[in-house]
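Data first, discussion second: the structure below is written as structure tokens.
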Amino acid sequence: MKKLLAIFLIVISATIVLSNELLRDKSYRIINSDNVLLNKHNEKYILNMNGNVNFFYGQIEFYCDKGTIVEGNETAKLFNNVVVKKDTLTITSDYAFYNNIDEIVQFSGNVIAYEYDLNKQLKREFQADTLIYNKKIEKIIAAKNVLAMEYTENITAKSGYLEYNRNDGYGFMNIQPQIENKKDSLTISSEKIEYFADFDKVVAMFNVHTKLAEADIFSNFLIYYNEEGTAVYTGDPRIETEFGRGSAETFNLLFVENKLAHVEFINNCRIDFAFEEEKEFTNWLTAEKIDIYFKNKNPESMLAETKVTYQIISEDEKENSKDYSKNVSTSNKLELTFTEDNKIEEIRQFENIQGSYIFKSARRNNAE
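Position one of the sequence shown corresponds to residue 0 (numbering that gives the first Met the number 0), numbered consecutively onward.
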């Protein structure tokens, strides 16, 4: 009996010494675990934790259902209901692997990263199949089925790959990236998208497609300033609507109160248009600068300047009577105003006006 008691005391003493040795002067600190199993293998301590696991490793706090810490290479594995916290950042997943030397956490399975402001209000959220958080440089890398939501600016982004630097708010997306700004009712897609200052500025490159309620715009380069509500398109930009299409060297768009208010065409501008949906674009206008002003999603007026040339066919029940007037002219300046149903209300020309104004008419079913 005394021998068994002695063996028991030796085991208890050894366990206490081993536990103190494990926990003394370590980078990690165990807060809670329902069950703990300590092993030593090849001079390395392996701590297995199970049930309501909570511990700190370095400056990062970890939660999970089951976790393992390998002291020798300073790594940790976390399984099921994983939660990782660092200041204003919280990341959840099914699995995580942490390297304390490099201060990098790798996540997989239902990954969601939440970033809060100093008032604990949720600013943005990242979802992905896999995600890497590098604490040393405060960088997030997300891959596969990436979804990012910027709540302050009401922006949603999708892509196959995303990088985000938390210190300066810069990042980029590729693999079919797409950004939707619900505030301005626009969607941007391209081959690569960069974003600055937490999506306040967006740069899209190559095969850029912007979808608006009023039009579709295609280009190879776009700079979009979210706060100012402006967008600059270069690289063979063109615009397409149900009533026409346009091209120029540069497009500038302005949004006022979250609605498209002004489109500016600069250099080598051309617009082909009709006055009714799904009609042939028989009217055209060229100039070095064209401004179109919108109201309630429809063009309200148009101003063309420098080397203005145009053809406008004003139709009155053309399909029935084949009556119309044709205006072909040049000038230095042209102003058009439109009615609410996209008809021309007034045409005004200024400086060096040349051209012709032709009336044509014929009875129904007669050739012109």
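Glycine is no exception: its CB is placed at the ideal position from the N, C-alpha and C atoms.
Enclosing beta strand (DSSP E) for residue i [first to last residue]
i                 : result
serine 158        : 154-164
threonine 67      : 59-69
alanine 75        : 74-85
glutamine 177     : 177-180
aspartate 271     : 258-272
lysine 43         : 43-56
lysine 39         : 34-40
serine 188        : 185-188
phenylalanine 171 : 170-173
asparagine 31     : 27-31
Classification of residue i by the beta-carbon crowding that lies within 10 angstroms, buried from 16 upward
i                 : result
arginine 123      : buried
threonine 338     : exposed
threonine 285     : buried
phenylalanine 198 : buried
valine 110        : buried
phenylalanine 54  : buried
asparagine 38     : exposed
valine 255        : exposed
serine 158        : buried
glutamate 241     : exposed
arginine 347      : exposed
isoleucine 136    : exposed
tyrosine 150      : exposed
lysine 296        : exposed
alanine 196       : exposed
glutamate 20      : In this prediction, glutamate 20 scores a pLDDT of 48, lower than 50, which makes its location untrustworthy; no coordinate-derived value is stated.
lysine 43         : exposed
glycine 71        : exposed
lysine 342        : exposed
asparagine 166    : exposed
phenylalanine 61  : buried
phenylalanine 272 : buried
lysine 134        : buried
leucine 36        : exposed
glycine 170       : buried
lysine 317        : Confidence is the limiting factor: at lysine 317 the pLDDT is only 47, short of 50, which leaves the residue's position unreliable and the question unanswerable from this model.
glycine 228       : buried
glutamate 114     : buried
asparagine 41     : exposed
phenylalanine 274 : buried
glycine 243       : buried
asparagine 180    : buried
phenylalanine 280 : exposed
phenylalanine 205 : exposed
Residues sharing a beta bridge with residue i, DSSP
i              : result
isoleucine 100 : Note: isoleucine 100 sits in no beta bridge, so no partner.
aspartate 278  : For the record, residue 278 in the displayed sequence is lysine; it is not aspartate. Paired residues: none, contrary to the question.
aspartate 290  : Glu263, Leu302
tyrosine 194   : Gly170, Val201
threonine 285  : Arg269, Thr308
tyrosine 94    : Phe78, Ser107
threonine 336  : Ser300, Glu345
threonine 89   : Lys84, Tyr113
Pick from the options that is closest to residue i, judged by C-alpha positions
i              : options                        : result
threonine 155  : Tyr194, Ser107, Leu302         : Tyr194
valine 207     : Leu221, Ala214, Ala196, Val201 : Leu221
glycine 168    : Asn144, Thr281, Glu248, Asp116 : Asp116
alanine 127    : Ile265, Ser92, Val104, Asn118  : Ser92
serine 188     : Tyr224, Glu162, Leu77, Ile216  : Ile216
tyrosine 223   : Glu213, Leu302, Tyr309, Thr209 : Thr209
alanine 212    : Thr308, Val83, Asp183          : Asp183
valine 262     : Leu302, Ile291, Thr336         : Ile291
asparagine 99  : Leu46, Lys85, Tyr27, Ser32     : Tyr27
asparagine 31  : Gly66, Asn41, Asn267, Phe125   : Gly66
leucine 46     : Ile59, Lys76, Asn133           : Lys76
cysteine 63    : Gly57, Phe274, Val83           : Val83
isoleucine 178 : Tyr163, Phe205, Asn164, Leu146 : Leu146
tyrosine 97    : Lys258, Ala112, Val69          : Val69
threonine 233  : Asn80, Ser246, Asn225          : Ser246
asparagine 266 : Pro236, Glu227, Asn180, Gly108 : Pro236
glutamine 175  : Glu279, Lys143, Gln120         : Lys143
lysine 138     : Gln105, Asn153, Asn118         : Gln105
Cβ of residue i within 8 Å of any chain B Cβ
i          : result
lysine 135 : Absent from the structure: chain B. Only one protein chain is present.
Any non-hydrogen atom of the ligand ADP within 7 Å of residue i CB
i             : result
glutamate 179 : Of the ligands one can find in the structure shown there are none, so the ligand ADP has no counterpart to examine.
Exercise. At which residue ranges does the stretch 114-143 contain complete beta strand (DSSP E) runs of 3 or more residues, listed in the order of the chain?
Worked result: Those beta strand (DSSP E) runs which fall completely within the stretch 114-143 and span 3+ residues are 121-133.
For this session: Any chance you could list the beta strand (DSSP E) runs of at least 3 consecutive residues sitting entirely within the stretch 210-251, in chain order?
Result: Runs found: 215-224, 229-233, 237-239, 243-246.
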